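Down below is the structure, laid out as structure tokens.
2 protein chains.
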Amino acid sequence: MGTSKKEKFSTSQNRLADLAKALGHPARIAILQFLAAKDVCICGDIVDELPLSQATVSQHLAELKQAGLIKGEIEGPKVCYCINKKAWQEAKQLLAQFMTDVKSCC
Amino acid sequence: MGTSKKEKFSTSQNRLADLAKALGHPARIAILQFLAAKDVCICGDIVDELPLSQATVSQHLAELKQAGLIKGEIEGPKVCYCINKKAWQEAKQLLAQFMTDVKSCC
DNA sequence: TTTATATATCGTAATAATACGATAAAGGTT
DNA sequence: AACCTTTATCGTATTATTACGATATATAAA
Numbered sequence: 001m002g003t004s005k006k007e008k009f010s011t012s013q014n015r016l017a018d019l020a021k022a023l024g025h026p027a028r029i030a031i032l033q034f035l036a037a038k039d040v041c042i043c044g045d046i047v048d049e050l051p052l053s054q055a056t057v058s059q060h061l062a063e064l065k066q067a068g069l070i071k072g073e074i075e076g077p078k079v080c081y082c083i084n085k086k087a088w089q090e091a092k093q094l095l096a097q098f099m100t101d102v103k104s105c106c
Numbered sequence: 001m002g003t004s005k006k007e008k009f010s011t012s013q014n015r016l017a018d019l020a021k022a023l024g025h026p027a028r029i030a031i032l033q034f035l036a037a038k039d040v041c042i043c044g045d046i047v048d049e050l051p052l053s054q055a056t057v058s059q060h061l062a063e064l065k066q067a068g069l070i071k072g073e074i075e076g077p078k079v080c081y082c083i084n085k086k087a088w089q090e091a092k093q094l095l096a097q098f099m100t101d102v103k104s105c106c
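Quick mapping for you: the protein sequence lines, in order, are chains A and B.
Under my numbering, the first residue of the first sequence is numbered 1, with each subsequent residue one higher.
Under my numbering, the first residue of the second sequence is numbered 1, with each subsequent residue one higher.
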């Protein structure tokens, strides 16, 4: 019964939902804020910043990567993570447009 | 093991994540768009608009209500749903600020 | 080559989310 | 009162998410 009905909704509704879902965990918010605060690509360090195990952080990073919001480049034994500029602007625009379009009447 | 570690993150990180999570399903995106398109509070009708059962729609509405994004007023045997204007503006501002703050470096 | 370091992935357990039928609750209609 | 309509809630099945230890992988250093 818990089968997903996502295919019954439009592509753009699903894209918005996927983006929002990627932001839907405080650890992922924290990761993005950390990446932003440094203003450069971060090589290593991320696991130490979060109160979660290495495996769990890696999983959250993979989800952000899957949503296209970050990218990771292998640099020696480490991986350098960055916000994906293009995708981020796109996501920002999509969400902002959606939030603006949804006018409230009362 | 799947115990939540949300308490290890800040209130604002959790608030952002909760808002995003509420938007993290195409059915809820569709509900919000439907409410917006009518530009008035919608009494009834919502279930007929979605390819989901009445019980499931009611559950999605409850989640949006829980996040504070919509409110429902009982009108006779029906319920009138509306975007919660104040909360919506707040959410929009919070998300926009977050998306802007997260600058990408590459 | 051995060792250390950094990440990813596997396996798995626990919890949360999704979905729906059945039923309850509340208000209107006849 | 009996009945219909609308919505919420309960019970429950299924799937997804979250989390972590253990292990694999890949690179650098000794």
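We put the CB at the ideal spot given by N, CA and C, even for glycine.
Keep in mind the model is a prediction, meaning the values are calculated, not measured.
Kindly indicate the opening and closing residues of the beta strand (DSSP E) around B/E75. 70 to 75
Looking only at C-alpha atoms, which of B/L23, B/T56, B/L95, B/G72 sits nearest to A/G2? B/T56
Quick one: complete beta strand (DSSP E) runs, 3+ long, within the region 31 to 96 of chain A? 70 to 75, 78 to 83
Nearest chain A C-beta to B/P77 closer than 8 Å, yes or no? no
Tell me where the alpha helix (DSSP H) around A/S12 begins and ends. 11 to 22
Using the Cβ count rule (16 or more neighbours within 10 Å means buried), how would you classify A/A91? buried
For A/G24, decide whether its Cβ has a neighbour in chain B, counting only Cβ atoms nearer than 8 Å. yes
So with CB distances below 7 Å, who are the chain A contacts of B/V40? C105
Should A/P26 go down as buried or exposed, given a rule of 16 or more other Cβ atoms within 10 Å for buried? buried
Would you grab the beta carbon distance between B/A22 and B/E63 for me? Rounded to a whole angstrom, and I think it's under 8 Å. 6 Å
Just verifying my parser: in three-state terms, what is the DSSP assignment at A/K8? helix
Evaluate the contact criterion for the region 33 to 41 of chain B versus the region 75 to 86 of chain B: three or more CB pairs, one atom per stretch, below 8 Å. yes
Under 9 Å from the C-beta of A/L52: neighbouring residues of chain B: K5, K8
Which chain B residues are close to A/V102, counting only those with a beta carbon under 8 Å from its beta carbon? L32, Q33, L35, A36, I83, W88
Pairs of beta-carbons, one from the region 4 to 16 of chain A and one from the region 11 to 19 of chain B, closer than 8 Å: are there three or more? no
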